[in-house]
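So in this note's numbering the end of the sequence shown lands on 125, straight run, no missing numbers.
Notes follow once the structure below has been shown.
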Amino acid sequence: MEVINQKAVRTDNTLLAVTHLTQLLSYVTGFGSLIVPLIIWLSSKDRVEGMNEHGKAIINFQISLILYIIISIPAILLLGLGILGLIGVGIIGFILPIVNAVKAANGESPSHFMTIRFIA
6 MEVINQKAVR TDNTLLAVTH LTQLLSYVTG FGSLIVPLII WLSSKDRVEG MNEHGKAIIN
66 FQISLILYII ISIPAILLLG LGILGLIGVG IIGFILPIVN AVKAANGESP SHFMTIRFIA
């Protein structure tokens with residue numbers, strides 16, 4: 006009889022990188038940049054080494070981006086500064102997941118640039 010250890014933690018840098026890249030779904034489909042990484046993080050945070058840290062970083066980053074967008078929309082009335090904010094959020098929201106995916110593939114910790122820590 007073979008006993009399978011379900012509590013074994015495995016190293017899967019590819020899954021970590023893919024989880025970061027799923028944040029780019031909002032640029033393709035218009036939604037899913039928060040939901041898909043959340044599902045991946047919750048389903049594998051206990052089974053993949055480093056997934057808890059990377060998952061928290063992704064969720065905190067996505068919530069921060071949503072907050073920045075909400076702040077930028079009324080700021081459009083203030084001399085158009087909100088438009089610059091929306092452009093900045095769009096650029097950072099596209100570049101940072103790619104940078105963090107490369108870091109995850111190399112086994113490094115994710116970058117927390119412009120991220121408010123909601124989940125510690």
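Backbone N, C-alpha and C define an ideal beta-carbon position, used for all residues, glycine too.
Computed from a prediction, not measured in an experiment: that's the story for all the values here.
The alpha helix (DSSP H) enclosing residue i, as first and last residue numbers
i	result
GLN28	Element bounds for GLN28: n/a, residue is neither H nor E.
SER116	Taken as a continuous stretch (DSSP letters only), SER116 belongs to no alpha helix (DSSP H), as it is neither H nor E.
LEU47	40 to 49
Neighbour-count burial assignment, residue i, 16 or more Cβ in a 10 Å radius
i	result
ALA109	buried
ILE44	exposed
LEU82	exposed
PHE66	buried
GLY98	buried
SER38	buried
PRO79	exposed
ASN127	The first residue shown for the chain is 6 and the last is 125, placing residue 127 beyond what the model contains.
GLY55	buried
ILE92	exposed
Bridge-paired residues (DSSP) for residue i
i	result
ARG15	VAL53
CB contact below 9 angstroms: residue i versus chain E
i	result
PHE36	Absence of chain E from the displayed structure is noted, only one protein chain being present.
query: Any contact of the region 84 to 97 with the region 46 to 59, i.e. 3+ C-beta pairs under 8 angstroms?
result: Taking 8 angstroms as the limit for Cβ pairs, the verdict is that the region 46 to 59 does not touch the region 84 to 97.
task: Mind listing, in chain order, the continuous alpha helix (DSSP H) runs of no fewer than 4 residues lying wholly within the region 70 to 121?
output: Qualifying alpha helix (DSSP H) stretches, in chain order: 86 to 110.
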